[in-house]
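Take any residue in the sequence shown, note its place counting from 1, add 1367, and you have its number in my numbering. Okay, structure first, notes after.
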Amino acid sequence: MSGNQHFQIKYWFDRSYSKAKMLNRIDKTFNSIQNSSKFALAPFITIGYPDIDSSVEMALAALNSGGDILELGVPFSDPLADGPTIQMTSSHALESGVNLKICLETIERIRQKNNEAPLILMGYINPFLKYGLLKFVKDAVSVGVDGLIIPDLPAEESTEFNALCQEQNLFLIPLLAPTSTDSRIRLACKGANGFIYCVSLTGVTGARSEVSSGLEDLIKRIRIYSDLPVLVGFGISTKSHVAKISKFANGAVFASAMLDQVSEGQKENAGIIVSEFVNNLRSGIKG
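Here it is in structure tokens:
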């Protein structure tokens, strides 16, 4: 039995007998994906790049052209996990006055047009602390956020915040990398909901020419401790990358290569550029 077949059987069984509360959109989406043997695509955009209206247009275009889940980045002044492209988009948005409050308002606009797709907010912990963690979690849920990814919040320090999120049915998505030890993987998976974000390589985000050779082994190690879907991010830029990853993972997150094309084009064409990019990646896989 392949890793993906094992995931599909266990994921269906466990989620079919899950808690009797409203399913998070992430769980709903992966239930549907499992039933259709589909591979999930999760595009990422930085809120406020190239501007707020374009962000909304790009978000909807990404979801309407084959994206299953949307990651939305909160601009930050020192994004340590991000490469040159995301740093550029983040800096541009900050210079335009985009802050966390505006990000949440933008998500609310997206939700008014699409109430089905999971929306994942990715950001660094400082803006959330400044906003107030309890207020942030409640406000995020109220505008339709389904999950959070916080690169600088290690699993060892996330227990209390994760409990706060779980009370609001907001999923805190763990990040794991090829350098993660088995004990780190076990700890991260213990309190995880939704899916596991698997960083495909060490270093920062950005387009790469090849997928890491150790990626499949990392995912096998993750599956020892969790039956949740595994999505791969960092460096995913071509449909050949996606085709390779689809053999052992459940989805792919991509950003830099797509946003590079947006930056090279006209702002008014941002939605079209995103749509074509997502469609191209989808054409590289079955489902």
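Cβ atoms here follow ideal geometry from the backbone N, Cα and C, with glycine treated the same way.
Looking only at Leu-1585, Lys-1587, Ala-1637 and Met-1455, the smallest Cα-Cα distance to Val-1441 is reached by Met-1455. For Met-1389, the number of other beta carbons within 10 angstroms of its own is below 16, and it is reported as exposed. Listed in chain order, the non-local C-beta contacts of Tyr-1491 below 6 angstroms within the same chain comprise Phe-1443 and Asp-1519, local neighbours out to five positions each way being set aside. Rounded to whole angstroms, Ile-1477 and Leu-1626 show a C-alpha spacing of 19 angstroms. In this structure, Ile-1589 places its C-beta atom within 9 angstroms of the C-beta atom of Leu-1543.
In the three-state reduction of the DSSP assignment, Glu-1483 falls in the coil class. Check the Cα spacing between Val-1465 and each of Ala-1610, Ile-1419, Asp-1449 and Thr-1546: the tightest is with Ile-1419.
The beta carbons of Leu-1437 and Leu-1486 sit about 5 angstroms from each other, so the pair counts as a contact at 8 angstroms. Within 10 angstroms of the beta-carbon of Asn-1402 lie fewer than 16 other beta-carbons, which makes it exposed.
Taking all protein chains in view, the Cβ of Lys-1611 is crowded by 16 or more other Cβ atoms within 10 Å, so the residue is classified as buried. The region 1586-1605 and the region 1628-1639 do not touch, with fewer than 3 CB-CB distances between them shorter than 8 angstroms. Burial check for Thr-1526: the Cβ neighbour count within 10 Å stays below 16, so the residue is exposed.
A direct Cα-Cα distance of roughly 21 angstroms separates Ser-1567 from Phe-1538.
Nearest in C-alpha terms to Lys-1614, of all of Phe-1621, Leu-1582, Ala-1637 and Gly-1638, is Leu-1582. In the DSSP assignment, Val-1620 falls within the beta strand (DSSP E) that extends over 1618-1621. When beta bridges are read from the DSSP output, Leu-1543 appears opposite Cys-1565.
With respect to Ala-1507, Leu-1531 sits apart: the two C-beta atoms are not nearer than 9 angstroms.
When the five nearest sequence neighbours on each side are left out, the beta carbons in the same chain lying within less than 7 angstroms of the beta carbon of Thr-1452 are those of Gly-1573, Ser-1623, Leu-1626 and Asp-1627, in order along the chain.
Residue pairing by DSSP puts Thr-1413 in a beta bridge opposite Gly-1440. Beyond the five residues adjoining it in sequence on each side, Lys-1634 comes within less than 8 angstroms, by CB distance, of Pro-1417, Asp-1418 and Ser-1421 in the same chain, given in chain order. For Ile-1516, the pairing in a beta bridge is given by DSSP as Met-1489. Within the same chain, Ile-1393, Gly-1514, Phe-1538 and Ile-1540 come within 6 angstroms of Gly-1561 by CB-CB distance, once the 5 residues on both sides are set aside. Gly-1600 is bridged by DSSP to Val-1566.
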